[in-house]
Amino acid sequence: MAILVPDDLNTLPQKPTPGEKALTDALCAILDDKWTVYVQPYLNGLRPDIIIFCEDAGMGIFEVKDWTPNVHKIQRNKKDGYNWLVRAKDTGKWEKEECPLKQVDKYRDSIFKYEIPILGSKKILNQKLLSLIQPFVYFHKHKTADINRRL
Numbered sequence: 000m001a002i003l004v005p006d007d008l009n010t011l012p013q014k015p016t017p018g019e020k021a022l023t024d025a026l027c028a029i030l031d032d033k034w035t036v037y038v039q040p041y042l043n044g045l046r047p048d049i050i051i052f053c054e055d056a057g058m059g060i061f062e063v064k065d066w067t068p069n070v071h072k073i074q075r076n077k078k079d080g081y082n083w084l085v086r087a088k089d090t091g092k093w094e095k096e097e098c099p100l101k102q103v104d105k106y107r108d109s110i111f112k113y114e115i116p117i118l119g120s121k122k123i124l125n126q127k128l129l130s131l132i133q134p135f136v137y138f139h140k141h142k143t144a145d146i147n148r149r150l
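See the structure below:
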């Protein structure tokens, strides 16, 4: 079983969402004790939902979305390819949301830039180094087929 940091999720300043709790439980159950699961860690002013780390295998960074089906959509645009929109609970209007795929890439870039800058400069020459830190987005309330269809 993986090591959990913090070992008591009730000590976090922000209560974990149901998706964060479910993913944390699953990761702790399937990963062995060589892995550490960090929930809501501080990362150079950023707050990824979950980071997993194993010295022998690398790192995974997770952005967890507890979005209910049919309250978000992806809309294509000419500027940057697409917008992620989420329906506001109070007004019902569609509001622009940061793309979760770009969020996890931003977390990974921050690690390369600030935490291990020597690897950041080497990844320019060796793209395989990017695989040391894998970004993931977990949609808690969606089935895989639904997400694949939306992307």
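Per numbering that gives the first Met the number 0, the very first residue in the sequence shown carries number 0; after that it's consecutive.
Just so it is clear, CB atoms sit at the ideal spot from N, CA and C, and this is done for glycine as well.
Simplified DSSP state of residue i, which is helix, strand or coil
{"i": "residue 107", "result": "helix"}
{"i": "residue 18", "result": "helix"}
{"i": "residue 133", "result": "strand"}
{"i": "residue 115", "result": "coil"}
{"i": "residue 86", "result": "strand"}
{"i": "residue 95", "result": "strand"}
{"i": "residue 140", "result": "coil"}
{"i": "residue 8", "result": "helix"}
{"i": "residue 65", "result": "coil"}
Reference residue i, options the options, closest by Cα
{"i": "residue 45", "options": "52, 17, 114, 130", "result": "114"}
{"i": "residue 55", "options": "62, 48, 67, 30", "result": "30"}
{"i": "residue 34", "options": "110, 16, 4", "result": "4"}
{"i": "residue 7", "options": "47, 38, 32", "result": "38"}
{"i": "residue 1", "options": "26, 19, 10, 15", "result": "26"}
{"i": "residue 147", "options": "10, 52, 72", "result": "72"}
{"i": "residue 104", "options": "93, 47, 67", "result": "47"}
{"i": "residue 10", "options": "97, 137, 40", "result": "40"}
{"i": "residue 79", "options": "111, 67, 136, 101", "result": "101"}
{"i": "residue 18", "options": "28, 12, 49", "result": "49"}
{"i": "residue 108", "options": "145, 16, 130", "result": "130"}
Contact check, residue i vs residue j, beta carbons under 8 Å
{"i": "residue 76", "j": "residue 95", "result": "no"}
{"i": "residue 22", "j": "residue 106", "result": "no"}
{"i": "residue 65", "j": "residue 140", "result": "yes"}
{"i": "residue 63", "j": "residue 86", "result": "no"}
{"i": "residue 36", "j": "residue 60", "result": "no"}
{"i": "residue 132", "j": "residue 57", "result": "yes"}
According to DSSP, residues forming a beta bridge with residue i
{"i": "residue 35", "result": "2, 52"}
{"i": "residue 75", "result": "81"}
{"i": "residue 60", "result": "50, 134"}
{"i": "residue 45", "result": "42"}
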